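A.B. asks: So the protein sequences, as listed, match chains V and F.
Here our numbering is used: the first residue of the first sequence is 242, the next is one more, and so on.
Here our numbering is used: the first residue of the second sequence is 242, the next is one more, and so on.
Where a beta carbon is used, it is the ideal one built from N, C-alpha and C, also for glycine.
Being a predicted model, the structure only gives us computed values, none of them experimental.
Quick one: the structure is below, and I'll ask about it shortly.
Protein chains: 2
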Amino acid sequence: MSEHVSMPLALAAEQFAKLPGIGMKTAQRLAYYILNLPENEVKVFAESIVKARESVHLCSCCQNFTERDICSVCSDNERDRSVICVVESPKDVSAFERAGGYNGLYHVLHGLLSPMDGITAENLKIKELISRLGDVKEVIMATNPTVEGEATAMYLGRLIKPMGIKVTRLAYGLPAGSALEFADDVTLSKALENRNEI
Amino acid sequence: MSEHVSMPLALAAEQFAKLPGIGMKTAQRLAYYILNLPENEVKVFAESIVKARESVHLCSCCQNFTERDICSVCSDNERDRSVICVVESPKDVSAFERAGGYNGLYHVLHGLLSPMDGITAENLKIKELISRLGDVKEVIMATNPTVEGEATAMYLGRLIKPMGIKVTRLAYGLPAGSALEFADDVTLSKALENRNEI
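Written out as structure tokens, the structure reads:
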């Protein structure tokens, strides 16, 4: 920011610009917005961020974010403990919970295998997953339909199947509300291949 | 957010969602990002926001944001004190300073006249502007080229001109680097009307 912008304002903007998807221009807009807020609201905002970071850690069972020792899903006795849905990140758990219809447990890997970026099996919560599989009957691979997501699902499948556990993968197909003409080739051929009787 | 998302995380996301231009989905992404940052970085971020709000106030002369009593522009003796550029918000001052080429002073109105939204002359820093006009020879109206911006410029012009001070308005015209075919009718006719000899 220019030298005629006050320093604390420039520093706040710099901090906002570090957030993902927020460029310098948006960061400045946010910093200006902060200056127009009542002082106590700014404090509540700042505290909520620090509190979230301080009190939230990984569930010792599924590795999802929680402020307790065991998260609300893992400690819910109504949940089906024989199915584990394996996802890349905590965001994916929220997505499934929002969508509803799934009543099993989760396991968050906190990443996907990506040897190019130096992310190997040791960097993911795979050890923690394997140690949970005692009474589990099915593991659903719900990683993203990308190269890394597929590779991770394949790798885990090869690791878990020999333990006598069923390993499944999310269905490929057309997204709801989409139009055939805009579907890419892979999606379309997968949707055809996996067609269901009606 | 769903009940299975930890509370502090949901609260942080809610705070982010209050920022302008940030919807619930982006807010959640930012909250998750915060959880992955080192704890001290989160504290630096939170403190920079609170500090900006606490230490920055309005310059007692031009009403721009500053952490001093008089801002760096107003206290700069190299500046031409006979010209005042009137803008809507502190962001506009930054824009002019970034662009360079202007060596006068500024005055920030902190809004535009908008009777529909209940914003009248009393809500803007107009009194403060009038009281500064002692030795001023020219007032440049640099409000946005919108209905409210025009109305505010007209209103102030009618107030200031009788004091024997020259009142000017920013030029309408084609933005640099743009294409004629995409210019709207008003811009194009104004550009034609205000054509200059070369």
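For T361(V), which residues in chain F fall below 9 Å Cβ to Cβ?
C.D. replies: In chain order: nothing, as chain F lies at least about 19 Å away.
A.B. asks: When you check each C-beta in the stretch 289 to 309 of chain V against every C-beta of chain F, which residues fall closer than 7 Å?
C.D. replies: Residues passing the 7 Å Cβ filter: S289, I290, V291, K292, A293, R294, E295, S296, V297, F306, T307, E308.
A.B. asks: Skipping 5 residues on each side, what residues in its chain have a beta carbon closer than 7 Å to that of D425(F)?
C.D. replies: Cβ neighbours of D425(F) beyond the five flanking positions: none.
A.B. asks: Please report the residue range of the alpha helix (DSSP H) in which L271(F) lies.
C.D. replies: Counting along the chain, the alpha helix (DSSP H) containing L271(F) begins and ends at 265 to 276.
A.B. asks: With a CB to CB cut of under 7 Å and the five nearest residues on each side skipped, what residues in its chain are close to C303(F)?
C.D. replies: For C303(F), where only same-chain residues beyond five positions count, the Cβ hits under 7 Å are C312, V314, C315, L346, Y347, H348, V349.
A.B. asks: Using a C-beta cutoff of 8 Å, does A272(V) count as contacting chain F?
C.D. replies: So yes, A272(V) belongs to the interface.
A.B. asks: Closer than 6 Å by C-beta to K366(V): which residues in its own chain qualify, once you throw out the five before and the five after it? Chain order, please.
C.D. replies: Around K366(V): Q304, L350, H351.
A.B. asks: Less than 8 Å separating the beta-carbons of E329(F) and G390(F)?
C.D. replies: Yes, these two residues count as a Cβ contact at 8 Å.
A.B. asks: Mind pulling the beta strand (DSSP E) runs of 3 or more residues that sit fully within the stretch 352 to 383 of chain V?
C.D. replies: If we require 3 residues or more, the beta strand (DSSP E) runs fully inside the stretch 352 to 383 of chain V come out as 379 to 382.
A.B. asks: For I311(V), which of helix, strand or coil comes out of DSSP?
C.D. replies: Three-state result, I311(V): coil.
A.B. asks: What is the residue span of the alpha helix (DSSP H) that T409(F) lies within?
C.D. replies: Counting along the chain, T409(F) falls outside any alpha helix (DSSP H), though it belongs to the beta strand (DSSP E) covering 407 to 410.
A.B. asks: For the beta strand (DSSP E) containing V328(V), name the first residue and the last one.
C.D. replies: Unbroken beta strand (DSSP E) run through V328(V): 321 to 328.
A.B. asks: Would you report the Cα separation of S419(F) and L353(V), rounded to the nearest angstrom?
C.D. replies: Using only the alpha carbons, I get a separation of about 44 Å.
A.B. asks: Using a Cβ-Cβ cut-off of 8 Å, state whether I311(F) counts as contacting chain V.
C.D. replies: Taking Cβ atoms only, chain V never reaches closer than 8 Å to I311(F), which makes this a no.
A.B. asks: So, is the C-beta of I275(V) closer than 8 Å to a C-beta in chain F?
C.D. replies: It does; some Cβ of chain F falls within 8 Å.
A.B. asks: Report yes if the CB atom of A253(F) is closer than 8 Å to the CB atom of I290(V), and no otherwise.
C.D. replies: For A253(F) and I290(V), yes; Cβs fall inside 8 Å.
A.B. asks: Comparing the C-beta of K402(V) with each C-beta of chain F, is any distance below 8 Å?
C.D. replies: No, its Cβ sits nowhere closer than 8 Å to a Cβ of chain F.
A.B. asks: Less than 7 Å between C-beta atoms, sequence neighbours within five positions excluded: which residues of the same chain meet that for N385(F)?
C.D. replies: Same-chain partners within the cutoff: E329.
A.B. asks: State yes or no: is the beta carbon of F423(V) nearer than 8 Å to at least one beta carbon in chain F?
C.D. replies: So no, F423(V) is outside the interface.
A.B. asks: I need the DSSP call for V349(V), collapsed to helix, strand or coil.
C.D. replies: If DSSP states are grouped into helix, strand and coil, V349(V) belongs with the strands.
A.B. asks: Run through the DSSP bridge pairs and tell me what F306(V) is partnered with.
C.D. replies: F306(V) is bridged to L299(V).
A.B. asks: When the Cα atoms are used, what is the spatial distance from R309(V) to C300(V)?
C.D. replies: C-alpha separation (whole angstroms): 7 Å.
A.B. asks: Could you work out which residues of chain V lie near L252(F), taking near to mean beta carbons separated by less than 8 Å?
C.D. replies: Correct list: S289, K292, A293.
A.B. asks: Could you check what DSSP says for R399(V) in three-state terms: helix, strand or coil?
C.D. replies: DSSP places R399(V) in helix when its eight states are reduced to three.
A.B. asks: At a CB distance below 7 Å, what residues from the stretch 371 to 394 of chain V approach chain F? Give them in sequence order.
C.D. replies: Under the 7 Å Cβ criterion, the stretch 371 to 394 of chain V contributes no residue.
A.B. asks: Using a C-beta cutoff of 8 Å, does L260(V) count as contacting chain F?
C.D. replies: Yes, L260(V) counts as interfacial toward chain F.
A.B. asks: Would you mind sorting D333(F) into buried or exposed? The rule is 16 or more other CB atoms within 10 Å of its CB.
C.D. replies: Per the 10 Å Cβ criterion, buried.
A.B. asks: Using a Cβ-Cβ distance under 8 Å, would V328(V) count as near chain F?
C.D. replies: Not closer than 8 Å to any Cβ of chain F, the Cβ of V328(V) fails to qualify, so no.
A.B. asks: Please check if any C-beta of chain V sits within less than 8 Å of the C-beta of L278(F).
C.D. replies: L278(F) counts as touching chain V.
A.B. asks: Just to confirm the assignment, what range does the alpha helix (DSSP H) spanning A253(V) have?
C.D. replies: Counting along the chain, the alpha helix (DSSP H) containing A253(V) begins and ends at 248 to 258.
A.B. asks: Mind checking if V283(F) is an interface residue toward chain V, Cβ cutoff 8 Å exclusive?
C.D. replies: Yes, contact with chain V.
A.B. asks: By the 10 Å Cβ neighbour count, where 16 or more other Cβ atoms means buried, how is V283(V) classified, buried or exposed?
C.D. replies: V283(V) should be labelled buried.
A.B. asks: Whole angstroms is fine: what's the gap from F423(F)'s alpha carbon to E288(V)'s?
C.D. replies: Approximately 46 Å, taken between the alpha carbons.
A.B. asks: Note down, in chain order, every chain F residue with its Cβ under 7 Å from the Cβ of P416(V).
C.D. replies: Residues of chain F passing the Cβ test: none, with the nearest at roughly 17 Å.
A.B. asks: I want to see whether chain F comes within less than 8 Å of K366(V), judged by CB atoms only; does it?
C.D. replies: For K366(V), the answer is no, since every Cβ of chain F falls outside 8 Å of its Cβ.
A.B. asks: Grab the span of the alpha helix (DSSP H) containing F423(V) for me, first residue to last.
C.D. replies: Where F423(V) is concerned, there is no enclosing alpha helix (DSSP H), given that its DSSP letter is neither H nor E.
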